Structures are given as C-alpha cells and as structure tokens.
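Q:
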Amino acid sequence: MNTLIILVLLLLGAYFVAVLENWISKGRFQLGAPLFAAVAFLGRESFIPRKPDQLFYEVGPVLLLLSAILAAAVIPLTPDLIITDLATGALFINAALVYVLVALLMAGWGPDGAYSMIGGWRFLGQLIAYAMLIVMPITAVAMRAESLLTTQIVVSQAELWNIVYQPLGFVLFFIASMALAFLPPFDMMIAKGELAGGVESEYSGMRLAIFRLGRLVLIITLAAATVVFYLGGWQGLPGIGLPPWAWSAIKILLVTAAMLLIGRYIPRIREAHLLSWCWIFGIPLALLNIFIVGVLVLEFP
Amino acid sequence: MTAQAFFIGFFGLASVWFGIVVFRTYSMMRSAIALLFSQTALGAMFLSMQAEFLGVLQIMMMATEMSIMAIFMVMFMMDPGGLGEMDMTHQKRLSLIAGFVSFVAAVAVAVFVDWGPVATTFPDAAQQTVDLGLELLDRSMLIFETAGITILTAMIAATAVAIQPVKKGDDK
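For the protein sequence lines, the chains are B and E, in the order given.
Each residue of the first sequence is one higher than the one before, counting from 7 in my numbering.
Each residue of the second sequence is one higher than the one before, counting from 25 in my numbering.
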C-alpha cells in the first residue's frame, strides 16, 4: 500500500516540479501545462536514429526513471510512510542515484549521435565533480544519527535540524544534488542552445516523455532526500500543529522551489570548472564538515 | 530448492554471462557497461545472501568505478564513439591459462576448505552494519588502511605516468 501511495505522490510531485519549473523559467503559471505536454508527447511520433545501440537506447530513459524511484523507496515522508526502511538506507540512496549516471551514459551513447554522446560524457565529467559531495555530507549525517536508517536520521534531528548542526554539509549536498539532477546552472549535458538538447537530442515522443518524467522524479526525490537529511524530515516547527505528512510536503516543495529558483540567477557552469571547484574546495570542505561533526558528536553527545 | 538458492544461482550466472559479454564486443563503452552489470549482479548475489551492506556497497561502488573506467579508456584511446573496433582481448594464451588456473584455484578453495558448520542464525542488517564498521576500524584497520593508501598511490601514479609532459610555453 505504501508503495502505491509513494508512487502516486512521486507522480504528483513531478507534476508540481513541472508547473514550478515552467513558472520560474518562463514566468507562466499554468496548472494544466504539464498534462497537455504529457499528452502531446504520447501522441507524437517517436523518431528512432538510424543506427542506435538498441539496448542502450531503450534502457537509458527507463533506467533514469527507475533509479529515481528506487532512491525514493528509502525516503520516509512520515514515520510510517516509507516503502522500505532499509538498514542501509542512506547508502542505498547513493547506490540508486549513481545509476542516474549509468542511465545518462547509456542514453547519450546509445543513439549514435554526436550531440547526445557529448552530453553523456559531460555528465560523467560532472559525476566525478559532484559524487564525493553527495557521499561525504551523507556520511556526516549518518555519523550524527549513528545509523544508516533514514527514519533514524530524521529522529536524530529532533532537537536540532541538521541544517543548523552541519550547515556546511547542507550547502555542499544542496549544490551536489542540483548537479546530480542536472538542474541549471549545471545543465550543460542537456544544453538546448549548444548541443540541441544533448542527451535528450535523439529522443522524441514516448521515450522523451519517460526521460523528462525521470528527471522530474529525480528532482523531487533529491529535494525529499535533502529534507530527510537536513531539514528534520516530517518534524515540524514547535507551536505549529500540522500533521507530519504536511510538514514533509511543505518542506519538499520549498526545497524544490529553492533549487529551481537559485539556478535561474547563476550563469551556467561548465563541468570542467565544476570539476576543479569541487576537487579544490568542495572535497576539503566536505572533509572539514566530517571532522567538525565528528568533534561535535564526540564532545556534545 | 529455496528461493534464496535460486536467486544466488541466477545472479551468479548473470554475473558470469556479463563477464563473457565484456570480451564479445568491440566497443569500450559496451564492454564497460557489461562489466558494470557483471559486478552489479555480484552485488545482487550479496543481497540474496542477506549481506545487505556489502551488496548495496558493491552495487554503488561499481557503477561509479566502471563509468570512470569507461571515461579513462575513452580519453586515452581518443575514441568516444567506440567506433575503433577495438579487440578487448590480448595475450590470449596467457589470459586463458591464467583464467583457467584461477578458476580451478577458486573452486578448489570453495570445495576443500573446511568452512565449519553452516550458520543458522545471523544478525539483522542493522547489526551487520555495526559489526562491519567495528571490524573495519578495529581488528582489520591496518589491512584496510594499507590497502586503501596503496590503491590511492597506484591511481595517482598511473595518472601521473599517463599524462604527457607539457613543454613550457606549449600549453593551450
């Protein structure tokens, strides 16, 4: 039952992301637009490139959607509303999200098109930049909770949310998740103007719809992960009596909006520049964050 | 046959099959992805054996590693599209012999080692993670840290050796 509820919620979340993205990037607030776009995608002809690697070409978009959904499987929206509370939840999110990269590589390489292939390799370059900034802040979060259970991670923030306890980790994780979801300013792999859509360029119709849906689900999943790891999950602010699910929903939507909004005000960053920034500043900062959290955990338990 | 045995066998065969696929293609990209799925199947075997942490870790690490391996291969061969029709095998006779010998050795170890009585109870997944953490940072710390540093050194050395020296005034 939980599985079904979460799947429906993910779909709903993807719809909200689409509306928000449209609103923020184009300035048009249209509640019906994503639905019409989806129907239009399904009705359109699916072009197939001349010599694709059939397997990679077909698997790419589906794997993107699948890995986003798998990552969402260990994210608790309320104490009980979680698909599976794995004992390795915080690690499992990482494992599932790495397959976003595999999906994009396959989708980029599969169609046998120059633009999409460059897009795919760009994302791999971006992975080498952001991967450590996903793993290391999560490590610090798990250190405080002394558990990899995502529910336990939320409970550990009962007194103080992690965004206050380890703000450095939050900033790094937030940036890294934007890069992982290839949101602007890190969206060079699906660059419209320069690569004609990059990884997306050889996809059309149904397959493009799945790809886009996968990306929307990925964004909402990452926002939910940020909420679970740093914003106290389902726990509310004292004095405001809202049910846990409402808190989760509000926070996830706010984080999503923040992710989309911030991207609009920053010039696009090439993956090579991101790479050098992440390895020169990001990773040392992440290590510093682990150190600080370690000292805090040991000194003020 | 229990479901567990079935899944262990299934993923084991899948792992071997993808391992064979690695050498049946002429493209570095396909080869790398096949190797990735071979390792992922190995991770799934861990999962079927109730070793949750090891399984998830294997599945996570291999995806990153194989993809990075792919980009390194592509960079050094300058063949991003994989059109070079590159043969994935070399030193065939030596590799065949080495592969066969290690296979026999692995089977021999599996058959002849006295593994002791089969465990009927095992700790739950959360306890496994705790035990593994204590093991890694307690009794086996020296082994793992040494291995880690060695691998890191080897990686840095390999990259340093592979980079062409840039003459002064010649860069860009």
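Beta carbons: idealized from backbone N, C-alpha and C, even for Gly.
Bear in mind the structure is a predicted one, so any value in this text is a computation, not a measurement.
Return yes when the Cβ of leucine 60 of chain E is within less than 8 Å of the Cβ of methionine 101 of chain E, no when it is not.
A: For methionine 101 of chain E and leucine 60 of chain E, no; Cβs fall outside 8 Å.
Q: Any chance you could list the beta strand (DSSP E) runs of at least 3 consecutive residues sitting entirely within the segment 25 to 66 of chain B, in chain order?
A: With a minimum length of 3 residues, no continuous beta strand (DSSP E) run stays inside the segment 25 to 66 of chain B.
Q: Mind checking the segment 95 to 110 of chain B against chain E and listing, in chain order, the residues whose C-beta falls within less than 8 Å of any C-beta there?
A: Under the 8 Å Cβ criterion, the segment 95 to 110 of chain B contributes Leu97, Phe98, Asn100, Ala101, Val104, Tyr105, Leu107, Val108.
Q: According to the Cβ coordinates, are glutamate 27 of chain B and glutamine 132 of chain B closer than 8 Å?
A: Their beta carbons are not under 8 Å apart, which means glutamate 27 of chain B does not touch glutamine 132 of chain B by this criterion.
Q: Valine 104 of chain B: which of B:Ser73, B:Ser282, B:Ile169 sits nearest, CA to CA?
A: Looking at the Cα atoms, B:Ser73 is the closest of the given residues.
Q: Going by C-alpha to C-alpha distance, which of B:Ile134, B:Val68, B:Gly175, B:Gly242 sits closest to alanine 148 of chain B?
A: Alanine 148 of chain B has its Cα closest to that of B:Gly175, out of B:Ile134, B:Val68, B:Gly175, B:Gly242.
Q: Tell whether a beta-carbon distance below 8 Å holds between alanine 231 of chain B and isoleucine 81 of chain B.
A: Taking 8 Å as the Cβ cut-off, alanine 231 of chain B and isoleucine 81 of chain B qualify as a contacting pair.
Q: Going by DSSP in three states, glycine 19 of chain B sits in which element: helix, strand or coil?
A: In the structure shown, glycine 19 of chain B sits in a helix (DSSP, three-state: H, G or I).
Q: Just the chain B side, please: which residues come within less than 7 Å of threonine 145 of chain E by C-beta, in chain order?
A: Near threonine 145 of chain E there are no residues of chain B at all, since even the closest Cβ is about 17 Å away, more than 7 Å.
Q: Per the contact definition of three or more C-beta pairs closer than 8 Å, is the segment 287 to 302 of chain B in contact with the segment 136 to 154 of chain B?
A: A contact exists between the segment 136 to 154 of chain B and the segment 287 to 302 of chain B.
Q: State yes or no: is the C-beta of leucine 87 of chain B within less than 8 Å of the C-beta of tryptophan 251 of chain B?
A: In this structure, tryptophan 251 of chain B lies closer than 8 Å to leucine 87 of chain B by Cβ.
Q: Evaluate lysine 257 of chain B with the Cβ neighbour count: other Cβ atoms within 10 Å of its Cβ, from every protein chain shown; 16 or more gives buried, anything less gives exposed.
A: Classification for lysine 257 of chain B: buried.
Q: Where are the alpha helix (DSSP H) runs, 4 residues long or more, that stay fully inside the segment 165 to 218 of chain B, in chain order?
A: Taking only runs of at least 4 residues, the alpha helix (DSSP H) segments lying wholly in the segment 165 to 218 of chain B are 168 to 171, 173 to 186, 198 to 201.
Q: Assuming tryptophan 139 of chain E is part of the alpha helix (DSSP H), what are its boundary residues?
A: First-last for tryptophan 139 of chain E: undefined, no H or E at that position.
Q: At which residues does the alpha helix (DSSP H) containing tyrosine 50 of chain E begin and terminate?
A: Tyrosine 50 of chain E -> no alpha helix (DSSP H), and no H or E assigned at all.
Q: I'd like to check one pair, phenylalanine 217 of chain B with isoleucine 70 of chain B: are the Cβ atoms closer than 8 Å?
A: Per the sequence presented here, residue 70 of chain B reads as leucine, with isoleucine not at that position. Going by C-beta atoms, leucine 70 of chain B is nearer than 8 Å to phenylalanine 217 of chain B.
Q: Leaving aside the five residues before and after leucine 78 of chain E along the sequence, list all residues of the same chain whose C-beta is less than 6 Å from its C-beta, in chain order.
A: Contacts found: Phe70.
Q: Among the candidates E:Gln63, E:Gly157, E:Thr145, whose CA atom is the shortest distance from the CA of phenylalanine 35 of chain E?
A: When each option's Cα is compared against that of phenylalanine 35 of chain E, the closest is E:Gln63.
Q: Would the beta-carbon of proline 190 of chain B fall within 8 Å of that of arginine 128 of chain B?
A: The answer is no: Cβ separation not under 8 Å.
Q: Curious, which full-length alpha helix (DSSP H) runs of at least 4 residues does the segment 61 to 125 of chain E contain?
A: Qualifying alpha helix (DSSP H) stretches, in chain order: 76 to 101.
Q: Pull up the CB-CB distance for proline 55 of chain B and glutamate 208 of chain B, whole angstroms please, since I reckon it's below 8 Å.
A: The Cβ separation is near 5 Å, so the contact holds.
Q: Put threonine 174 of chain E into one of helix, strand or coil per three-state DSSP.
A: DSSP places threonine 174 of chain E in helix when its eight states are reduced to three.
Q: Pull out every residue of the segment 187 to 215 of chain B whose Cβ sits closer than 8 Å to any Cβ of chain E, in chain order.
A: If the cut-off is 8 Å between Cβ atoms, the segment 187 to 215 of chain B has nothing near chain E.
Q: Do serine 72 of chain E and phenylalanine 136 of chain E come within 8 Å of each other at the CB atom, strictly closer than that value?
A: No, the Cβ-Cβ distance between phenylalanine 136 of chain E and serine 72 of chain E is not below 8 Å.
Q: Just verifying my parser: in three-state terms, what is the DSSP assignment at arginine 276 of chain B?
A: Coil.
Q: Does DSSP put phenylalanine 168 of chain E in a helix, a strand or coil?
A: Phenylalanine 168 of chain E: helix per DSSP, three-state reduction.
Q: Which whole-angstrom value describes the C-beta separation of leucine 139 of chain B and glycine 38 of chain B, a residue pair presumed to lie in contact below a C-beta threshold of 8 Å?
A: Leucine 139 of chain B to glycine 38 of chain B, Cβ: 37 Å. No contact.
Q: Indicate whether at least one CB of chain B lies closer than 8 Å to the CB of methionine 101 of chain E.
A: Closer than 8 Å: no.
Q: Whole angstroms are fine: how far does the CA of tryptophan 285 of chain B sit from the CA of isoleucine 134 of chain B?
A: Distance between the alpha carbons of isoleucine 134 of chain B and tryptophan 285 of chain B is about 9 Å.
Q: Does isoleucine 140 of chain B have its Cβ less than 8 Å from a Cβ in chain E?
A: False, the Cβ-Cβ gap to chain E never drops below 8 Å.
Q: Considering arginine 150 of chain B, what are the terminal residues of the alpha helix (DSSP H) in which it resides?
A: Here the alpha helix (DSSP H) through arginine 150 of chain B covers 120 to 151.
Q: Under a CB-based cut-off of 8 Å, is alanine 87 of chain E close to chain B?
A: Output row for alanine 87 of chain E: interface = yes.
Q: Smallest Cα separation from tyrosine 236 of chain B: which of B:Val205, B:Trp167, B:Gly116, B:Met123?
A: Of B:Val205, B:Trp167, B:Gly116, B:Met123, the residue nearest in Cα terms is B:Trp167.
Q: Check whether the Cβ of alanine 150 of chain E lies closer than 8 Å to any Cβ atom in chain B.
A: So, interface residue.
Q: Output the distance between the C-alpha atoms of alanine 77 of chain B and threonine 227 of chain B, rounded to the nearest integer angstrom.
A: The straight-line gap from Cα to Cα measures roughly 7 Å.
Q: Would valine 80 of chain E count as contacting chain B if we go by Cβ distances under 8 Å?
A: So yes, valine 80 of chain E belongs to the interface.
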